[in-house]
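Peer 1:
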Amino acid sequence: MPPSPSVISEGTTVVPQHVIVHPLVLLSAVDSYIRSAQGSKRRVVGILLGQNNGTVVNVANSYAIPFEEDEKNSSVWFLDHNFMESMNEMFKKINASEKLIGWYHTGPQLRPSDLEINNLLKKYIPNPVLVIIDVMPKSVGLPTNAYFAIDEIKEDGSKSSRTFVHLPSSIEAEEAEEIGVEHLLRDTRDVSVGTLATRVTQQAQSLQGLGQRLTEIADYLRKVVNGQLPINHAILAELQSVFNLLPNVFSGPVSSEQVLQSEAQRAFNINSNDQLMSIYISSIVRAVIALHDLLDSLAASKTVEQQEIKPLLQQEESAAANAEQKS
Numbered sequence: 001m002p003p004s005p006s007v008i009s010e011g012t013t014v015v016p017q018h019v020i021v022h023p024l025v026l027l028s029a030v031d032s033y034i035r036s037a038q039g040s041k042r043r044v045v046g047i048l049l050g051q052n053n054g055t056v057v058n059v060a061n062s063y064a065i066p067f068e069e070d071e072k073n074s075s076v077w078f079l080d081h082n083f084m085e086s087m088n089e090m091f092k093k094i095n096a097s098e099k100l101i102g103w104y105h106t107g108p109q110l111r112p113s114d115l116e117i118n119n120l121l122k123k124y125i126p127n128p129v130l131v132i133i134d135v136m137p138k139s140v141g142l143p144t145n146a147y148f149a150i151d152e153i154k155e156d157g158s159k160s161s162r163t164f165v166h167l168p169s170s171i172e173a174e175e176a177e178e179i180g181v182e183h184l185l186r187d188t189r190d191v192s193v194g195t196l197a198t199r200v201t202q203q204a205q206s207l208q209g210l211g212q213r214l215t216e217i218a219d220y221l222r223k224v225v226n227g228q229l230p231i232n233h234a235i236l237a238e239l240q241s242v243f244n245l246l247p248n249v250f251s252g253p254v255s256s257e258q259v260l261q262s263e264a265q266r267a268f269n270i271n272s273n274d275q276l277m278s279i280y281i282s283s284i285v286r287a288v289i290a291l292h293d294l295l296d297s298l299a300a301s302k303t304v305e306q307q308e309i310k311p312l313l314q315q316e317e318s319a320a321a322n323a324e325q326k327s
């Protein structure tokens, strides 16, 4: 929950600017959820390991810890910190560079007890980072939301309070992780669904995600025009670079000033037609090859049948000849 305009964050605490989550963390959280909480309203809580240089938090590893809470009373919960301490000691022996940097839960949203759990972890790390991992996302997008706890100092001079501020997060992977995730997705593909259906589904999800991003860009530009948000020249420069990469296609009547636009439209249409023609010819070739294989298999099966019937006919002919000789 971002602080309201009437709130000023504490200046002594260095708030990270970005949180990087590795795929191994997502896989570990999903695996723990499937094993212990799937089909229930329970959430999985775990510890995040990695590096925190004050500006960027790199979440490289994680592990789940025993956690229970009362569904009716969120203030009643139990976290096995003894298990956490023993796991930390073992992870230090395996990889000392991965230190305790925060914790995660499967949310999918913040809960009232999160501040209490965060205060418990402050016994082991001064400024823990909270990452909420949505293991059952309902929309296309990043399944992570990062938060950092700060003290709110209100302008009216009232007592300060503790709250979470949202941090930008991203999913990044090293080369070894990318290869592992690619093989995992390849092995977990639904065998009952064909390759074409899988590709169409992936394309549809990609287009859905692109539509959401374009909607966010449109909302941002609309708020800037209406004066609800200040002008950010860096963002506008990035958007202008994106728009410059798009093909300049004009669908209206062509005039002397629009010759270049007409040429761009013609080139774009020719390229699309060439690609569709290649797909069409490929489909015809595949159909012809399939029919050729079918005819070959029918001819082969007919030859086998004739070879099986030929000895029987020879036996019948010899038996008939023997019968005539005896008569």
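Mind the numbering: the sequence shown is residues 1 to 327 in UniProt numbering, read in order.
Where is the CB? At the ideal position from N, CA and C, for every residue including glycine.
In this text, all values refer to a predicted model and were calculated from it rather than measured experimentally.
#1: Please list, in chain order, all residues of the same chain as Thr-106 whose beta carbon is under 6 Å from its beta carbon, the five residues on each side excluded.
#2: What span of residues does the alpha helix (DSSP H) with Gln-127 cover, start to end?
#3: Return the first residue and the last residue of the alpha helix (DSSP H) that Leu-120 is part of.
#4: Using CA atoms only, rank isn't needed, just tell me which of Gly-39, Gly-46, Val-165 and Ile-20 is closest to Ala-60.
#5: Does the beta-carbon of Gln-202 have 16 or more other beta-carbons within 10 angstroms, so that it is buried, or is it exposed?
#6: Where Val-56 and Ala-234 are concerned, what is the direct C-alpha to C-alpha distance, given to the nearest angstrom?
#7: Give, in chain order, every unbroken run of the alpha helix (DSSP H) that is at least 4 residues long and sits entirely within the region 196–252.
#8: Looking at Ile-47: is its Cβ nearer than 7 Å to the Cβ of Met-84?
#9: Starting from the Cα of Gln-240, find the closest Cα among Ile-217, Gln-109 and Gln-228 and give me that residue.
#10: Mind checking Ile-171: buried by the 16 CB within 10 Å criterion, or exposed?
#11: Nearest to His-22 by CA position, among Leu-49, Gly-39 and Ser-36, is which residue?
#12: Restricting to runs no shorter than 3 residues, where is the beta strand (DSSP E) found entirely within the region 10–94?
#13: Taking C-alpha atoms, which residue in Lys-138, Leu-27, His-18 and Ile-309 lies nearest to Glu-182?
#14: Thinking Val-140 and Gln-205 are a contact (beta carbons under 8 Å), I'd like their distance in whole angstroms, please.
#15: Hey, Phe-148 and Leu-110 are a contact pair by Cβ (cut 8 Å); roughly how many whole angstroms apart?
#16: Straight-line CA distance for Glu-116 to Ser-75?
#17: Applying the 10 Å Cβ sphere with the 16-neighbour rule, what's the burial state of Ala-321?
#18: On the criterion of 16 or more Cβ atoms from any shown chain inside 10 Å, does Ala-245 qualify as buried, or is it exposed?
#19: Rounding to the nearest angstrom, what Cα-Cα distance links Lys-223 and Leu-210 in this structure?
#20: Less than 6 Å between C-beta atoms, sequence neighbours within five positions excluded: which residues of the same chain meet that for His-18?
#21: So Val-14 and Gly-54 are in contact, right, with Cβ under 8 Å, and what is the actual spacing, rounded?
#22: Let's see if you can read the secondary structure: which residues bound the beta strand (DSSP E) around Leu-167?
#23: If you run the structure through DSSP and keep just helix, strand and coil, what is Phe-96?
#24: Could you have a look at Ser-170 and say whether DSSP puts it in helix, strand or coil?
#25: Can you give me the C-alpha to C-alpha distance between Asn-271 and Met-277, rounded to a whole angstrom?
#26: So who's on the other strand from Ala-145, going by DSSP bridges?
Peer 2: Taking the geometry as given:
#1: Tyr-33, Arg-43, Val-44, Ile-133 and Val-135
#2: Correcting the residue type first, residue 127 is Asn in the shown sequence and not Gln. Asn-127 -> no alpha helix (DSSP H), and no H or E assigned at all.
#3: 114–121
#4: Ile-20
#5: exposed
#6: 20 Å
#7: 233–244
#8: yes
#9: Ile-217
#10: exposed
#11: Leu-49
#12: 18–21, 45–52, 56–65, 67–69 and 77–79
#13: Leu-27
#14: 6 Å
#15: 12 Å between Cβ atoms; not a contact.
#16: 9 Å
#17: exposed
#18: Note on identity: in this sequence residue 245 is Leu, with Ala being the wrong assignment. With fewer than 16 Cβ atoms within 10 Å of its Cβ, Leu-245 is classed as exposed.
#19: 20 Å
#20: Val-56 and Pro-168
#21: 5 Å
#22: 161–167
#23: The sequence given here has Ala at residue 96, not Phe. Looking at Ala-96 - three-state DSSP - the assignment turns out to be coil, as it is neither helix nor strand.
#24: strand
#25: 10 Å
#26: Here residue 145 is Asn; the residue named in the question, Ala, does not match the sequence. DSSP lists Ile-132 as partners of Asn-145.
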